[in-house]
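Engineer:
Residue numbers (the numbering used here): 4 to 418.
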């Protein structure tokens, strides 16, 4: 009995020991899991901290950059504030002057500049204690100001006039600040003279560009007129050749007719003679039209064309040509300068094509694509508005095509 009890107790103890060992194993596993999770959480937290730290550094850098830009802008504003100096600039007549006249005006201002220096009105001397010192400072301030102004005037272009004006004004303000303690100041009259030179030099550049453009247009017109002349001469030569051919044919047929006694042959010759005479009559009509076109230099075609692939929808070019074959001119426009060919929406023959073209251009001035250069002739406008104005000023029937084929453009989109 006692041994049995001892055995049972031993078994119970063994079971308890096993349970304890199992629990210890589970506890160890749990501790390992906890450590892993802890390490993962710590790693994630460190990664987030690092990420946020990077973002914070970037934001700090951007804030510093913005602050620096703001500071620079404030400095620019402060530098610009003195440039509100009121100056009197005379621009009257500059737009209407020729390039040579503008060159003469510029020379006049340079002479006035020399007079201001000669008369001691280019720089004000605020102190009179040491004339040698003052004269030396006058020479220095003039040398510096002239160098800045001459550089601005010689480098002025169609696009940078405002920048160059600001440079002259800033130089004026800066030098006067620097030399104020030395008792010398550039006068307002001298500043105005320099600005007049700048404005005139700019107007001169504009006029040169305008004259170059006018010359180009005249040359283009002369080339176009020469093409029209050659086209008319070729057409006249062709008509004369055809006339001679038909007249010779009639003369030959008349001889055959006079020689034959066969009625069938006579009938055949008479029919052929009539056919040749009809063709001669048609040629006479064509010849009359060509001669009228040659005499009437205002007769021609006004064309309405578009190029969707190059310029988009509802952009139309309204131009004119005196060519007998207007499509030749339109094909020239569809040259290497545009990626796709033009589509024709209307060809309008008029005895006074330039006037009709001018009416259309002036009517649609507000729809111009290029508001500066009116010679570009492109308008952003619905086609029905163009048709309406054409109908109001042109009596003849005009065939309109509303849907642009734009074949190459559409094929390019499909590929």
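From the three backbone atoms N, C-alpha and C, an ideal C-beta is built for every residue, glycine too.
Between residue 218 and residue 102, is the Cβ-Cβ spacing less than 8 angstroms?
Structural biologist: Not in contact: residue 218 and residue 102 (Cβ atoms no closer than 8 angstroms).
Engineer: Put residue 347 into one of helix, strand or coil per three-state DSSP.
Structural biologist: Strand.
Engineer: Within the continuous alpha helix (DSSP H) that includes residue 130, where are the two ends?
Structural biologist: Here residue 130 belongs to no alpha helix (DSSP H), and DSSP marks it neither H nor E.
Engineer: Quick check: what's the CA-CA separation for residue 135 versus residue 104?
Structural biologist: Each residue's Cα considered, the two are about 41 angstroms apart.
Engineer: Grouping DSSP H, G and I as helix and E and B as strand, with all else coil, what is residue 324?
Structural biologist: Here residue 324 sits in strand by DSSP.
Engineer: Less than 8 angstroms between CB atoms is the rule here; does residue 392 satisfy it with respect to chain B?
Structural biologist: Of the chains in the structure shown, none is chain B; there is only one protein chain.
Engineer: May I ask you to verify whether the segment 191-203 touches the segment 170-182, counting CB pairs closer than 8 angstroms and requiring at least 3?
Structural biologist: Segments in contact, yes.
Engineer: Which residues does DSSP list as the beta-bridge partners of residue 306?
Structural biologist: Per DSSP, 322, 350.
Engineer: Whose CA, out of 190, 98, 213, 299, lies closest to the CA of residue 376?
Structural biologist: With distances taken between Cα atoms, residue 376 lies closest to 213.
Engineer: Using three-state DSSP, classify residue 383 as helix, strand or coil.
Structural biologist: Three-state result, residue 383: strand.
Engineer: DSSP beta-bridge partners for residue 187?
Structural biologist: In the DSSP output, where bridge partners are listed per residue, residue 187 has 128.
Engineer: Starting from the C-beta of residue 352, find all residues in its chain whose C-beta is less than 6 angstroms away, skip the five residues before and the five after it, and write them out in chain order.
Structural biologist: Excluding sequence neighbours, residue 352 sits near 304.
Engineer: What would DSSP say about residue 227, mapped onto helix, strand or coil?
Structural biologist: Residue state, collapsed to three classes: helix.
Engineer: Out of 160, 344, 261, 165, point me to the one whose CA is closest to residue 410's CA.
Structural biologist: If we check each option's Cα against that of residue 410, 344 comes out closest.
Engineer: Given a threshold of 16 other Cβ atoms within 10 Å of its Cβ, counted over all protein chains shown, does residue 389 qualify as buried or as exposed?
Structural biologist: Buried, by the Cβ-count rule.
Engineer: Taking the alpha-carbon positions, what's the residue 278 to residue 393 distance?
Structural biologist: So the alpha carbons of these two residues sit roughly 40 angstroms apart.
Engineer: Of all the options 188, 165, 114, 99, which has the alpha carbon lying nearest to the alpha carbon of residue 140?
Structural biologist: When only C-alpha atoms are compared, the closest one is 188.
Engineer: To the nearest angstrom, how far is it from the Cα of residue 215 to the Cα of residue 146?
Structural biologist: Looking at the two C-alpha atoms, the distance is approximately 36 angstroms.
Engineer: To the nearest angstrom, report how far apart residue 274 and residue 253 are at their CA atoms.
Structural biologist: Approximately 11 angstroms, taken between the alpha carbons.
Engineer: Taking C-alpha atoms, which residue in 50, 314, 23 lies nearest to residue 340?
Structural biologist: Of the listed residues, the one whose Cα sits closest to residue 340 is 314.
Engineer: Ends of the alpha helix (DSSP H) at residue 274?
Structural biologist: First-last of the alpha helix (DSSP H) with residue 274: 266-298.
Engineer: Going by DSSP, what residue range makes up the alpha helix (DSSP H) through residue 103?
Structural biologist: Element bounds for residue 103: 102-121.
Engineer: Is the segment 223-240 close to the segment 323-332, with three or more CB pairs under 8 angstroms?
Structural biologist: Flag = yes, the segment 223-240 and the segment 323-332 touch.
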